[in-house]
Amino acid sequence: MTKPEQTPSARPDFPKMEEEILEFWDKHKIFERSIEERPENKLFVFYDGPPFATGLPHHGHLLQSALKDAVPRYWTMNGYRVDRVWGWDCHGIPIENMIEKDLGLNSRREILEYGIDKFNAACRSTVLMYDKEWRKYIRRFGRWVDMDHAYKTMDDAYIESVWWAFSELYKKGLVYKDFRVSLYCPRCSTPLSNSEVTMGHSYRDEEDPAITVKFKVIGQDKTYLLAWTTTPWTLPANTAIAINPDLAYLKIHIPEKDEYWIIAESRKSEILKDYIREDLSDDHPESKAIQVERRFEGKEMVGWKYEPLYESSYVARPTSHVGEMDRVDAGRLGRGTSDDRLEGYRVVDMPYVSAEDGTGLVHTAPAFGEDDFNASKIHKLPVLLTVDDEGKMMLETGPFAGLPIKQADPLVISDLEKRGLLVTNQRITHSVPECYRCKTLLIYKAQTAWFVSIDKLRPKMLDAAKKIHWVPESFKEGRFGNGLSSAPEWNISRTRYWGAPMPVWECESCTERKVIGSMAELKEAAGGRLPKDWDMHRPGIDLVEFKCECGGAMKRTTFTFDCWLESGSMPYASVHYPFENREKFEAHFPADFVGEAQDQTRGWFYNMHVMSSGLFGKPAAKNIVATGMILAADGKKMSKSLKNYTDPYEIMDKYGADALRMYLLSSNVMAAEAINFSDEECAQLQRSVLGILWNVRQFYLTYAEGKRIEIQKPHSMQVLDRWIFSRMQGLAKNVTEKMNGYDLAGALRPVRPFVDDLSTWWLRRSRERMKQTLDADDSYDALRTLREVLLELAKLLAPFTPFFAERLYQDLEGGKMSVHLDRWPKIDEGTIDERLESDMEWVRNVVTAGLEARVAAKLPVRQALASISVGFKASAEQIRLSQRTDLLALIRDELNVERVLLTVSDPNQPQDWMIELDTVLTPELKKKGFYREMTRNIMQLRKQSGLTPGDTVKLKIASDDAELTAWIKDLQDDLAKESKAESIEVV
Ligand SMILES: [Zn+2]
Ligand SMILES: [Zn+2]
């Protein structure tokens, strides 16, 4: 008895099959064995970039997982040992922000009031809240990775390695503390790095005021400098006007006010247009009366002094910054006009000033802009910090004191208007950075922070980057290379709580500083005593104090690290190097492969590269694959609230994980392009590749049932078999080459055409061979060929569709454990026969043309025809192919013609060859057509009755046509044989 699911029509239940395979893998520890059974000295190294477990995995995560699973499986099958350990990103603003919401805390001050210890405990208990769901998704997706021994960035061992890395960079002079401008979130009260903003795609369009303001020049009668700004709240912090020394400027007379304005020449018409539209009607004679008084170069203005917009009693002072203003650098700070080394309220030359917008004169508030701050360094300008840690105007700003900056804007504007200092007052919509977690608008703000000196490290980073192979290749010079060339200094300190604490202790009384690189060092510095219930996190660590040589107390700086420095330390910190696993780390660095989404060129790829270049002078990975974005089917971002996508788990339940994996891995998203995820395309791919292969497998199982089919050399010499072997070796070669180059979509591209060839040509033309009696050589050849092709295909598909490959392999090789423990196919170049492949293509084209001719002549294929002739343009081809009787037989059988004639036709015909079908029907041909129709009907009846190929039948044929009855009698031996009939009775 043939089992019902093994009849060729059985419909596959892929999700159910996958669940069974998962159980099989678990039960037999196939993943563990795939590592342990590979030699320890033949490593392929893969690093897993840690995700946050603060949300459920989405399509993007599964895309990365498909990549991170397929590549290691491939190298495992090539004999390498590929350790795969999961990691969790635990620290940083994302989790802090979640906890703040849970606890109803709205500012850093409220966290302090709540208690850092309780706050951090809440973070710790929540950080892995989706751990179980992640395990469920990752397991179901068929990704092999050790999640039981996942590293966590919050572990003390991990943090200790981060300390070590930081202290090494400090020794090398690659990190420094500075007072300078960084992006700052007023709600989170912390600086952020540029990469956090780019990573979070954190820009939005915002409407702001756009005003032009007058600054009265001292010593020149009725003369004003005009400057433009979109941040009126920064005007109280103004200490200079920057100009370009080489630009042309004008002094123009405004008769209406009888005063003189200084503006860039090229901005004149724009400024007057705006001004006139506001103050005068278009045809007002005044607008025509405006005259240019003088034209001069910018350099002439340098050193001019002007009256401050606001009282100089707005004294400059450092931000309270939880009281940790850098004492060493504090001297550089402006103390208003009282500091005799600093002089404000004057015109300075800065080459960056352009005349593209504004007035060509730039309002300079050194505390709130990168360029402004640079100008203050070059020209010794006071830095007026007029905004506190929570983004509110400071007391010294008088009428604006205590207001959040954006609320101060209208008050500043109306104040200037009252004082006659406002020239234009408009609105502008522009793109501005926001906090990637709390969505508060970020500001640039001068503050004390620690930096990695990208400027110093840049040559090393560029050098190490040369050794990286990128997929797509263009990233090497493009996205990543360009990013390295222009990367700013990296702000690595956060004024936050749930993060690895910075290991810096400073003396309260002198400039002494200690950077600690290990727990042992800290213990020694602290005289062997550390607090009870030790936890390296705040606030415990903040209690560790020790004595300075000067007698003062050394206290820890309260900074925590940017969590990107932590994840960028993953290569060594995940194995607690250099405190443990020295040899292991050295053998595992750099990685052979990492893969993440393309925005990680500014995130994890980048930060890991900075750390590796700084510590080891090497890249962190030799091969980096960057993937594109997955959008919803409507082209928008996938969004839970819009419900514009199906949860990936549902997709796996419906179509199977293999279908999802294959869909993702073969799409353009692997070439770092964006794709619109389509459930239908995923289902379609499942049907057109896996579904078809499943049917081919069913054919094999049905016809090989009960037979011993062995793979042996030499291969079958039958022309179809030689052809499919050639195609298969070509496929294996292609997949191997592409996988060696980490081009996964390229590796999968030729799979579908191969599956088509196998099922629509090889199997179609070999079905009859397989059905023959068991001992027929041709039947055995067909079966052993199919067995070998399917087995090789199982191996080639194993990295991509591990479940289907396993099922297929087990069906063919029941005795062996798992395809994933087997070896990758060796390429047999000698089997590849390109001539045969192109000849076969010709055969198929002739068949297609012949079938079209039949349709045109309304002659179904079952009606035998006398001949088809193929007329060649070139006689050489005609002669060569005339000798290929094996190929011609394929045409003959497929087209159901008696003869295939090759001729030389008109050498001027446009095509290389053309066909002609002989459509004359002789009585003999009609008889053959009748026979075909007869057998087809009988086979259909057999099928309808649920008979298996082995069952025999008794036939009874009724006919009232004398000619037909005669034909049946003539043909009855053949009919009986073909339809497995014991007897035929004609009535
Ligand atoms: Zn924020
Ligand atoms: Zn000291």
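First residue of the sequence shown? That's 94 in my numbering, and the numbers climb one at a time after it. We put the beta carbon where it would ideally sit given N, CA and C, even for glycine.
Residue 466 burial status per 10 Å Cβ neighbour count (16 or more: buried)
On the sequence shown, position 373 is the one that residue 466 refers to. Looking at its Cβ environment, which holds 16 or more other Cβ atoms inside 10 Å, residue 466 is buried.
Am I right that residue 876 and residue 863 are in contact with their C-beta atoms under 8 angstroms? What's the rounded C-beta distance?
Position 783 of the sequence shown holds residue 876. Position 770 of the sequence shown holds residue 863. Right, the Cβ-Cβ distance comes to about 6 angstroms (below 8 angstroms), so this counts as a contact.
Does any heavy atom of ligand 2 sit closer than 7 angstroms to the C-beta of residue 638?
Position 545 of the sequence shown, counting from 1, holds the residue named residue 638. Checking every heavy atom of ligand 2 against the Cβ of residue 638, none is found closer than 7 angstroms.
Any non-hydrogen atom of ligand 1 closer than 7 angstroms to residue 641 Cβ:
By one-based count along the sequence shown, residue 641 stands at place 548. No, ligand 1 has no heavy atom inside 7 angstroms of this Cβ.
Reference residue 316; option with closest CA among 352, 173, 340:
On the sequence shown, residue 316 is found 223 positions in, with the first residue counted as 1. Considering only alpha carbons, the answer is 352.
Considering residue 240, what are the terminal residues of the alpha helix (DSSP H) in which it resides?
Residue mapping note: residue 240 aligns to position 147 of the sequence shown, counting from 1. Per DSSP, residue 240 lies in no alpha helix (DSSP H) segment; the continuous beta strand (DSSP E) that holds it begins and ends at 239-245.
Just list the alpha helix (DSSP H) runs in the region 577-623, keeping only unbroken ones of 4 residues or longer that don't cross its boundaries, in chain order.
Fully enclosed alpha helix (DSSP H) runs of 4 or longer: 612-618.
Relative to the C-alpha of residue 449, which candidate in 357, 252, 821 has its C-alpha closest?
Locating residue 449 in the sequence shown gives position 356, where the first residue counts as 1. Measuring from the Cα of residue 449, the nearest candidate turns out to be 357.
For residue 1066 and residue 826, what's the separation of their Cα atoms in angstroms?
Taking the sequence shown and counting its residues from 1, one reaches residue 1066 at position 973. Taking the sequence shown and counting its residues from 1, one reaches residue 826 at position 733. Whole-angstrom Cα-Cα distance: 48 angstroms.
Around ligand 1, which residues pass a check of Cβ closer than 5 angstroms to any of its heavy atoms?
Of all residues, those with a beta-carbon under 5 angstroms from at least one heavy atom of ligand 1 are 278, 280, 281, 528, 531, 533, reported in chain order.
In whole angstroms, give me the CA-to-CA distance for residue 960 and residue 1006.
Locating residue 960 in the sequence shown gives position 867, counting from the first residue. Locating residue 1006 in the sequence shown gives position 913, counting from the first residue. Rounded to whole angstroms, residue 960 to residue 1006 spans 16 angstroms at the Cα level.
Pairwise C-alpha distance: residue 995 and residue 975
In the sequence shown, residue 975 corresponds to position 882, counting from 1. In the sequence shown, residue 995 corresponds to position 902, counting from 1. Looking at the two C-alpha atoms, the distance is approximately 6 angstroms.
Which term fits residue 586, buried or exposed, when burial requires 16 or more other beta carbons within 10 angstroms of its beta carbon?
For the purposes of this step, residue 586 is taken as residue 493 along the sequence shown, with counting starting at 1. Residue 586 comes out buried.
Local conformation of residue 563 per DSSP, three classes
Working through the sequence shown from its first residue, we reach residue 563 at position 470. Under the three-state reduction of DSSP, residue 563 is assigned to strand.
Evaluate residue 413 with the Cβ neighbour count: other Cβ atoms within 10 Å of its Cβ, from every protein chain shown; 16 or more gives buried, anything less gives exposed.
Taking the first residue of the sequence shown as position 1, residue 413 is located at position 320. The predicted position of residue 413 is uncertain, since its pLDDT is 32 and thus under 50; a value taken from the coordinates is nonetheless stated next. By the C-beta density criterion, residue 413 is exposed, having fewer than 16 other C-beta atoms within 10 angstroms.
Can you tell me the Cα-Cα spacing of residue 246 and residue 647, whole angstroms?
In the sequence shown, the residue the question calls residue 246 occupies position 153. In the sequence shown, the residue the question calls residue 647 occupies position 554. Whole-angstrom Cα-Cα distance: 27 angstroms.
Cα-Cα, which of 340, 673, 857, 494 is closest to residue 251?
Taking the sequence shown and counting its residues from 1, one reaches residue 251 at position 158. The alpha carbon of residue 251 has as its nearest neighbour, out of 340, 673, 857, 494, the alpha carbon of 673.
Compare the beta carbon distance of residue 589 and residue 599 with 8 angstroms and say whether it is the shorter of the two.
Along the sequence shown, read from residue 1 onward, the residue named residue 589 stands at position 496. Along the sequence shown, read from residue 1 onward, the residue named residue 599 stands at position 506. In this structure, residue 589 lies away from residue 599, with their beta-carbon atoms at least 8 angstroms apart.
Closest by C-alpha distance to residue 657, when choosing among 130, 557, 182, 171
Position 564 of the sequence shown, counted from the first residue, corresponds to residue 657. That would be 182, whose Cα lies nearest to the Cα of residue 657.
Three-state class that DSSP yields for residue 639 in the structure shown:
Here residue 639 corresponds to residue number 546 of the sequence shown, with the count starting at 1. Secondary structure at residue 639: strand, using DSSP grouped into helix, strand and coil.
Please list the terminal residues of the continuous alpha helix (DSSP H) segment that includes residue 152.
Reading the sequence shown from its first residue, position 59 is the one you call residue 152. Run containing residue 152: 152-170, per the alpha helix (DSSP H) assignment.
Which class does residue 633 belong to by DSSP, given the choice of helix, strand or coil?
Locating residue 633 in the sequence shown gives position 540, where the first residue counts as 1. Looking at residue 633 - three-state DSSP - the assignment turns out to be helix.
Length-filtered (4 minimum) alpha helix (DSSP H) runs lying within the region 882-968:
Runs found: 895-905, 927-949.
What do you get for residue 1080, buried or exposed, if any count of 16 or more other CB atoms within 10 angstroms of its CB means buried?
Here residue 1080 is taken as the residue at index 987 of the sequence shown, counted from 1. Flag for residue 1080 reads exposed.
According to the neighbour-count rule (16 or more other Cβ atoms, all chains shown, within 10 Å of its Cβ), is residue 626 buried or exposed?
Residue mapping note: residue 626 aligns to position 533 of the sequence shown, counting from 1. The residue in question, residue 626, is exposed, as its Cβ has fewer than 16 Cβ neighbours within 10 Å.
Spatial neighbours of residue 1022 within its chain, please: C-beta separation below 7 angstroms, excluding the five flanking residues on both sides.
Counting from 1 along the sequence shown, the entry for residue 1022 is found at position 929. Apart from sequence neighbours up to five positions away, the residues of its chain that approach residue 1022 with a beta-carbon distance below 7 angstroms are 955, 956, 957, ordered along the chain.
Segment contact flag, the region 106-125 with the region 232-239, C-beta cutoff 8 angstroms, min 3 pairs
Cβ pair count under 8 angstroms is three or more, so yes.
Minimum C-alpha distance to residue 528 - residue among 1036, 289, 301:
Here residue 528 corresponds to residue number 435 of the sequence shown, with the count starting at 1. Put simply, of 1036, 289, 301 the residue whose alpha carbon is nearest the alpha carbon of residue 528 is 289.
Return yes when the C-beta of residue 603 is under 7 angstroms from any heavy atom of ligand 2, and no when it is not.
Mapped onto the sequence shown, residue 603 falls at position 510. At least one heavy atom of ligand 2 sits closer than 7 angstroms to the Cβ of residue 603.
Helix or strand or just coil, what does DSSP make of residue 322?
Taking the first residue of the sequence shown as position 1, residue 322 is located at position 229. Assigned with DSSP and collapsed to three states, residue 322 falls in strand.
Candidates 911, 929, 150: closest to residue 823 by CA position:
The residue labelled residue 823 in the question sits at position 730 within the sequence shown. The option with the nearest alpha carbon to residue 823 is 929.
Please say whether residue 138 and residue 244 have beta carbons closer to each other than 8 angstroms?
Stepping through the sequence shown from its first residue, residue 244 is reached at position 151. Stepping through the sequence shown from its first residue, residue 138 is reached at position 45. In this structure, residue 244 sits away from residue 138, with a CB-CB distance that is not shorter than 8 angstroms.
Spatial distance of residue 271 from residue 525 (CA atoms)
On the sequence shown, residue 271 is found 178 positions in, with the first residue counted as 1. On the sequence shown, residue 525 is found 432 positions in, with the first residue counted as 1. Their Cα atoms are separated by approximately 25 angstroms.
Unbroken beta strand (DSSP E) run spanning residue 265, endpoints:
As a first step, residue 265 must be located in the sequence shown, where it is residue number 172. It is not in any beta strand (DSSP E) - residue 265 carries neither H nor E in the DSSP assignment.
Taking Cβ positions, are residue 456 and residue 328 nearer each other than 8 angstroms?
As a first step, residue 456 is located in the sequence shown; it is residue number 363 there, counting from the start. As a first step, residue 328 is located in the sequence shown; it is residue number 235 there, counting from the start. Taking the C-beta atoms as reference points, residue 328 is found nearer than 8 angstroms to residue 456.
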